[in-house]
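**Student:**
There are 2 protein chains.
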Amino acid sequence: MSAFEKDIKIVADKTDQYLKSYFSQQKQNNELFEAMGYGLFAGGKKIRSYLTVAAFDLFGIKEETAIIVAAAIECVHSYSLIHDDLPSMDNDDFRRGKESTHKKFGESTAILAGNSLLTIAFEILTSNHLDLDKEVKSDLVFALASCSGHLGIAGGQFLDLSFEGKAQDEKTIIHMQNKKTGELMGFCTEAAAIVAKKNNDREELKKIGLDIGLLFQIADDLLDVYGDQNKLGKPSKQDDKKGKATLIATFGLDKTNVLANELHDKIKQSLEKYGTKANRLLSSAEFILKRDH
Amino acid sequence: MSAFEKDIKIVADKTDQYLKSYFSQQKQNNELFEAMGYGLFAGGKKIRSYLTVAAFDLFGIKEETAIIVAAAIECVHSYSLIHDDLPSMDNDDFRRGKESTHKKFGESTAILAGNSLLTIAFEILTSNHLDLDKEVKSDLVFALASCSGHLGIAGGQFLDLSFEGKAQDEKTIIHMQNKKTGELMGFCTEAAAIVAKKNNDREELKKIGLDIGLLFQIADDLLDVYGDQNKLGKPSKQDDKKGKATLIATFGLDKTNVLANELHDKIKQSLEKYGTKANRLLSSAEFILKRDH
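Those sequence lines, one after another, are chains C and Z.
Note that the first sequence covers residues 7 to 299 in the working numbering.
Note that the second sequence covers residues 7 to 299 in the working numbering.
#1: At a Cβ threshold of 9 Å, is Z/G161 touching chain C?
#2: Kindly indicate the opening and closing residues of the alpha helix (DSSP H) around C/C194.
#3: Would you say C/H1 and Z/M42 are within 9 Å of each other, going by their C-beta atoms?
#4: Hey, does C/Q275 have any beta-carbon neighbour from chain Z nearer than 9 Å?
#5: If the cut is a Cβ gap below 9 Å, which residues of chain C does Z/K156 touch?
#6: With a CB to CB cut of under 8 Å and the five nearest residues on each side skipped, what residues in its chain are close to C/E113?
#7: Assuming contact is defined by CB atoms lying nearer than 9 Å, are Z/T256 and Z/D245 in contact in what I supplied?
#8: I want to verify the contact list: residues of chain C whose CB lies under 8 Å from the CB of Z/S133, in sequence order.
#9: Are the beta-carbon atoms of Z/C194 and Z/R286 separated by less than 9 Å?
#10: Between the Cα of Z/S27 and the Cα atoms of Z/R102, Z/I130, Z/V59, which residue gives the shortest distance?
#11: Evaluate the contact criterion for the stretch 119-137 of chain Z versus the stretch 135-147 of chain C: three or more CB pairs, one atom per stretch, below 8 Å.
#12: What is the rounded straight-line gap between the Cα of Z/L269 and the Cα of Z/D226?
#13: So with Cβ pairs under 9 Å, would you call Z/Y85 a contact of chain C?
#14: Under 9 Å between C-beta atoms, does C/H4 make it to chain Z?
#15: Could you check whether Z/D137 and Z/E40 sit closer than 9 Å to each other, using their CB atoms as the reference points?
#16: Any beta carbon from chain Z within less than 9 Å of C/K204's own beta carbon?
#17: Could you check the C-alpha separation between Z/N36 and Z/E105 for me, to the nearest Å?
#18: Relative to the alpha-carbon of C/A173, which residue among C/Q275, C/G258, C/R102 has its alpha-carbon at the smallest distance?
#19: Determine, using beta-carbon pairs with one atom in the stretch 46-63 of chain Z and one in the stretch 15-29 of chain Z, whether at least three such pairs fall under 8 Å.
#20: When burial is assigned at 16 or more other CB atoms within 10 Å of the CB, is C/G249 buried or exposed?
#21: Given a limit of 8 Å on CB to CB distance, which residues of the stretch 101-114 of chain Z reach chain C?
#22: Could you give the DSSP three-state label for C/F47: helix, strand or coil?
#23: Taking only beta-carbon atoms, is C/A151 less than 9 Å away from chain D?
#24: Mapping the DSSP letters down to three states, classify C/K172 as helix, strand or coil.
#25: Quick check on C/R297: does DSSP put it in helix, strand or coil?
#26: Does C/L165 come within less than 9 Å of chain Z when only Cβ atoms are used?
#27: So C/D166 packs on C/K140, CB below 8 Å; how close in whole Å?
#28: With a threshold of 9 Å between beta-carbons, can C/M95 be considered close to chain Z, or not?
#29: If we cut at 9 Å on Cβ distances, does C/S8 have a partner in chain Z?
#30: Return the bridge partner residues of C/E209 from the DSSP annotation.
#31: For the putative contact between C/C118 and C/I214, defined by C-beta atoms under 8 Å, what is the C-beta separation to the nearest angstrom?
#32: Under a three-way DSSP split, which group does C/F100 fall into?
#33: Could you tell me which of Z/G66, Z/H135, Z/Y44 sits nearest to Z/Q6, measuring between CA atoms?
#34: Measure from the alpha carbon of C/K204 to the alpha carbon of each residue in C/F65, C/A291, C/Q34, C/L295, then state which is nearest.
#35: Give me the Cβ distance between C/D96 and C/D90, rounded to the nearest whole Å; I'm assuming they're in contact under 8 Å.
#36: When we look at the beta-carbon of Z/V264 and count the other beta-carbons within 10 Å, is it buried (16 or more) or exposed?
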């Protein structure tokens, strides 16, 4: 494990630790609550948490604050994964090498667990745990809401499903992937500018996150085609099987790789002015570009 | 139509008008967006909007503000109805005399439409439209989130489904109904104290809404057993058919009616100190107790 991978692991553990303490305070013990934890604490690198912590570095904001914002983001991400796997959506029985939430707990409980994780995100952002002005909290809620519903994750998933089996042009696929994956990653980085009260930097920071998101999605598509099933913890070559509209399907490997390198260069340029404060964010982009699982 | 029913209709129309203008600004025109509007603008009395406006009266807060908060609440309510009707949940093909959202748009679109309406609620509460301090907005978000997820609506629906075909005691059924229906109605009234910055009144106001919610649920159960299918716009006697755990099923008509009257008296007592400012809220409780559709 590289130093960078160790750093990711440390941040993921801190986020889990916060979420576990938040959950334990809720004093619930029914199957719905169990399903929420099953979906949320399913391992994974928690790359969104890391992006958030890395973006907060740019403005020298303390990690403790970043971790709580990251925890809210992971709840939203986890809601989207649980719902994406549902029989009426991608119909995936496995996620990270384990049964998906609806396979384990049933469909209705999985839907309700996703809904509950989505709402918990907004609860976390406005809770007393988060040591921020309520003005900042209100702005965080607005930005997170905008990228979780029909203009973001839910809208992207809708497009993804409606594109199945239909060829799409590059612009349309990028639009869909920005909504489905990019918007939330854009929030990870934009949140740093919101918390730092740097309103003028919000747009630029969001764009960096969107680009990292697109890079991430390209890498994910490449892994689906060329990845090792054992390292991935799930069957590969699923996109093609389901007729998913991906950039690779439309443009082939070479052009997709060129786009990935262009995005990487663009991200590096945008971050130049932050000097060494951008180290973790730069390493994230590099890691995403080269990851093999 | 009585003067009170006309007043309800006026408030419902104002809420719809606000929501329609909010929706038109989003400039979306795909099927997901259509499904959201289909679920949201499906008619209905919008009793939650009225409760909100009525509770804001207690503190002399302008109706314009109440309507925007009410709009957010209607989005949450609409999300819960769309998801409740799903095949894996209550499996209802009709809602208010029309096809339910999943029947009309398919299951995945209905799930995503529900998710999107839930997130829009938080967007509305923190948008610039709502002329309130961001501190107040943050407090509204926290309270609404707490009653929308596993501790509220989603948790109540989970219990409701898990109770099907199983007898429950009075306390357990009231607990389930408080979560499923009461908590959101409690937010309608609590929101007035939050906006008025009357922190000491929050608990009492929430309790009034919870009691109105329970009264509402009892009336709903009574209508299901004794209601006229044509006036209801949906088949009656569904609870019994599905083996739903209701107070009537456990205690019979007489004891349920006694409980309803007790709740009504309690609500009247709690509102006495507000004098004529409580008129609309008192009329709401009376209306709920006596409604026939």
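Yeah, the Cβ is synthetic: ideal placement off N, Cα and C, and Gly gets one too.
**Tutor:** A quick look at the data gives this:
#1: As a first step, residue 161 of chain Z is located in the second sequence; it is residue number 155 there, counting from the start. It does: the Cβ of Z/G161 has a partner Cβ on chain C nearer than 9 Å.
#2: Residue mapping note: residue 194 of chain C aligns to position 188 of the first sequence, counting from 1. Per DSSP, C/C194 belongs to the alpha helix (DSSP H) from 189-201.
#3: A question about residue 1 of chain C goes unanswered here, because the residues of chain C that appear run from 7 up to 299.
#4: As a working mapping, residue 275 of chain C is identified with position 269 in the first sequence. False, the Cβ-Cβ gap to chain Z never drops below 9 Å.
#5: Here residue 156 of chain Z refers to the residue found at position 150 of the second sequence. Per the sequence shown, the amino acid found at residue 156 of chain Z is His instead of Lys. The contacting residues are Q32, Q34, N36, L38, F39, M42, L118, A119, N121, S122, L123, T125, I126.
#6: Mapped onto the first sequence, residue 113 of chain C falls at position 107. Hits under 8 Å: L92, P93.
#7: The count along the second sequence starts at 1 and reaches residue 256 of chain Z at position 250. The count along the second sequence starts at 1 and reaches residue 245 of chain Z at position 239. Contact flag unset, no.
#8: In the second sequence, counting from the first residue as 1, residue 133 of chain Z sits at position 127. Per Cβ cutoff of 8 Å: F148.
#9: In the second sequence, counting from the first residue as 1, residue 194 of chain Z sits at position 188. In the second sequence, counting from the first residue as 1, residue 286 of chain Z sits at position 280. Their beta carbons are not under 9 Å apart, which means Z/C194 does not touch Z/R286 by this criterion.
#10: Position 21 of the second sequence, counting from 1, holds the residue named residue 27 of chain Z. Ranking Z/R102, Z/I130, Z/V59 by Cα distance to Z/S27 puts Z/I130 first.
#11: yes
#12: As a working mapping, residue 269 of chain Z is identified with position 263 in the second sequence. As a working mapping, residue 226 of chain Z is identified with position 220 in the second sequence. Answer to the nearest angstrom: the Cα atoms are 15 Å apart.
#13: Translated into positions along the second sequence, residue 85 of chain Z becomes position 79. Cβ-Cβ to chain C under 9 Å: yes for Z/Y85.
#14: No answer is possible for residue 4 of chain C: it lies beyond the span of chain C, which begins at 7 and ends at 299.
#15: Translated into positions along the second sequence, residue 40 of chain Z becomes position 34. Translated into positions along the second sequence, residue 137 of chain Z becomes position 131. Against a cut-off of 9 Å, the Cβ pair of Z/D137 and Z/E40 comes out as no contact.
#16: Working through the first sequence from its first residue, we reach residue 204 of chain C at position 198. False, the Cβ-Cβ gap to chain Z never drops below 9 Å.
#17: Counted from its first residue, the second sequence places residue 36 of chain Z at position 30. Counted from its first residue, the second sequence places residue 105 of chain Z at position 99. Between Z/N36 and Z/E105, the C-alpha separation is close to 19 Å.
#18: As a position in the first sequence, residue 173 of chain C is number 167, starting the count at 1. If we check each option's Cα against that of C/A173, C/G258 comes out closest.
#19: yes
#20: To locate residue 249 of chain C, count along the first sequence from 1; it is residue 243. So C/G249 counts as exposed.
#21: G112, E113, S114
#22: Within the first sequence, the letter at position 41 stands for residue 47 of chain C. It is coil, neither helix nor strand.
#23: This model lacks chain D altogether; the protein chains it does include are C and Z.
#24: As a working note, residue 172 of chain C is residue 166 in the first sequence. Coil, per DSSP.
#25: Looking up residue 297 of chain C in the first sequence gives position 291. If DSSP states are grouped into helix, strand and coil, C/R297 belongs with coil.
#26: Numbered from its first residue, the first sequence carries residue 165 of chain C at position 159. Closer than 9 Å to some Cβ of chain Z, the Cβ of C/L165 qualifies, so yes.
#27: Position 160 of the first sequence holds residue 166 of chain C. Position 134 of the first sequence holds residue 140 of chain C. With a Cβ gap of about 36 Å, C/D166 and C/K140 do not count as contacting.
#28: As a working note, residue 95 of chain C is residue 89 in the first sequence. It does: the Cβ of C/M95 has a partner Cβ on chain Z nearer than 9 Å.
#29: Here residue 8 of chain C refers to the residue found at position 2 of the first sequence. Closer than 9 Å: no.
#30: What you label residue 209 of chain C is simply residue 203 of the first sequence in a count that begins at 1. DSSP lists no partner for C/E209.
#31: Stepping through the first sequence from its first residue, residue 118 of chain C is reached at position 112. Stepping through the first sequence from its first residue, residue 214 of chain C is reached at position 208. The sequence given here has Leu at residue 118 of chain C, not Cys. Not quite, the Cβ-Cβ distance comes to about 35 Å (not below 8 Å), so this is no contact.
#32: Here residue 100 of chain C refers to the residue found at position 94 of the first sequence. Note: C/F100 maps to strand in three-state DSSP.
#33: There is no way to answer for residue 6 of chain Z, as the model of chain Z reaches only from 7 to 299.
#34: Here residue 204 of chain C refers to the residue found at position 198 of the first sequence. The shortest C-alpha separation from C/K204 is found at C/F65.
#35: Here residue 96 of chain C corresponds to residue number 90 of the first sequence, with the count starting at 1. Here residue 90 of chain C corresponds to residue number 84 of the first sequence, with the count starting at 1. Rounded, the Cβ-Cβ distance is 5 Å, consistent with contact.
#36: If you number the second sequence from 1, residue 264 of chain Z lands on position 258. Exposed is the call here.
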